[in-house]
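Working notes, structure below.
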Amino acid sequence: MRKITFLLLAVFSLAACHKNNADTDTVNTVDSTSLSNNKNTWWQPVAGVSFDWQLDDISSADVFSGNVVDVDAFTTSAETVAALHAKGKKVIAYMSAGTLENDRPDASLLPKEVIGKVYPEWPNEKWLDIKQLDKLKPWLNSRFNMIIKKGFDGVEPDNMDSYTNETGFNIQLADAKKYADYLISIAHSNGLSIGQKNVPEFTVDYAAKFDWALTEDAFNQGWQNDMAPYIKNNKPVFAVEYTDVTSQSTFENNICPAAKALGFSAIFKKRDLSKWVYKCN
């Protein structure tokens, strides 16, 4: 659940002052089924495809070796997405779907009544009441509009596990599943791939609905086998392990063989999700 701070916040915020008003005007009349061209097909990756994940300091499209690239939805420009496409890569947009990040330029689209407690691990974020979906839709639609316009192939919705946290709202697993259903619908109806981020409790019901899965520290925490249904459906599991809880020797000697046996695409990253990466041989 690593988030980033805005490296380009000062510049981006100035541009966003005008952009936000335009997005809000559009969102007021946008329905989840009319965001774009209502495509009937979307990118559906297959198990074993290579993967890179970087949310910070993207100097050029050349920094990535994986065929699938996961980058920040806001700080990544349409030009960068196009450059990655020119190199034959598919591009996923990272966004938090379950929390408000205070430094995002669309934060003002969320009414106060849906904003809950601070997420202790990330003090810049607050949990959202995903049960009040109608009040979240303008914010979500604005984000999906941006992602579509920039040309992304898919979306990574983070923080879908609010039901396991102290949010200030009585959120249950059933609420999280209803929210996931909406996100899947809005993504697929607009030609976007979408993945399950962590939340192994989703897998039994959602391995047939999401297009891929992204895990953090699943091997370290021991729930990697819960994601096996994705591989059975020939959908990739992008397994990320972090340097602050796992040693490189453990990743190389233990996790890489286990990931290979399961059919996962595993990488080793620093939790800040900067450029550094180590991949299984």
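Under this note's numbering, the first residue of the sequence shown carries the number 190, and numbering increases by one thereafter.
Virtual Cβ for every residue (Gly too), placed ideally from N, Cα, C.
In this structure, D347 is the residue among K339, K276, D347 with its C-alpha nearest to the C-alpha of Y308. Distance from the Cα of C445 is smallest, within the candidate group K459, A272, F408, K424, for F408.
Within a 10 Å sphere around the beta-carbon of G287 sit 16 or more other beta-carbons, which makes this residue buried. Around the C-beta of Q410, fewer than 16 other C-beta atoms lie within 10 Å, and the residue is accordingly described as exposed.
Nearest to S285 by alpha-carbon distance, out of K278, W412, T432, L244, is L244. Around the Cβ of L329, a 10 Å sphere holds 16 or more other Cβ atoms; the residue is buried. Between A262 and A236, the C-beta spacing is not below 7 Å. Y395: member of the alpha helix (DSSP H) spanning 392-395, first to last residue. Within the DSSP secondary-structure output, T288 pairs in a beta bridge with W316.
No residue range can be given for L381, since it is assigned to no beta strand (DSSP E) and is classified by DSSP as neither H nor E. The alpha-carbon of D406 is positioned some 8 Å away from that of A428. Fewer than three Cβ pairs drawn from the region 435-450 and the region 255-271 lie within less than 8 Å of each other, which leaves the two stretches out of contact. For L322, the three-state secondary structure derived from DSSP is helix.
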